[in-house]
Amino acid sequence: MVEVHLWSGLRSLAGGCEVVSVEARDTGEMLRALVRAHPELQAPIDAGVSVAIDGRVIASGLTEPIPDGAEVYLMQRLRGG
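Just so it is clear: in the sequence shown, position 16 is 26 by my numbering, and no numbers are missing.
Listed below in structure tokens is the structure:
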């Protein structure tokens with residue numbers, strides 16, 4: 011089970027939850043599980059989000075493994091400039 015911390019802008023789309031628990035082994039499974047649990051999250055996820063695992067922003071797409079006990083945050087998309 012992965013506990014995903016949601017940025018404040020997403021919480022209203024997830025029933026006001028700050029943390030959502032889902033079954034997932036990697037970032038792609040996590041995003042799909044979040045949408046299954048809270049379909050309202052589909053549009054912002056499709057628009058682009060950033061995922062941080064244990065303080066590291068993941069740039070490798072949807073296949074990054076999520077270790078047991080990892081701290082996971084779903085955030086607004088981070089863009090370089």
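Cβ atoms here follow ideal geometry from the backbone N, Cα and C, with glycine treated the same way.
Query, Result
"Pick from W17, L84, M40, S18 that is closest to I76, judged by C-alpha positions", "M40"
"Min CB distance P49 to chain C below 8 Å", "You won't find chain C in this structure, because it holds only one protein chain."
"Simplified DSSP state of D56, which is helix, strand or coil", "helix"
"C-alpha gap between E61 and M11, whole angstroms", "Sequence check: residue 61 is Val here, not Glu. Taking the straight line from one Cα to the other gives about 16 Å."
"Residues near M85 by beta carbon distance below 7 Å, same chain, minus five either side", "W17, V59, S60, A62"
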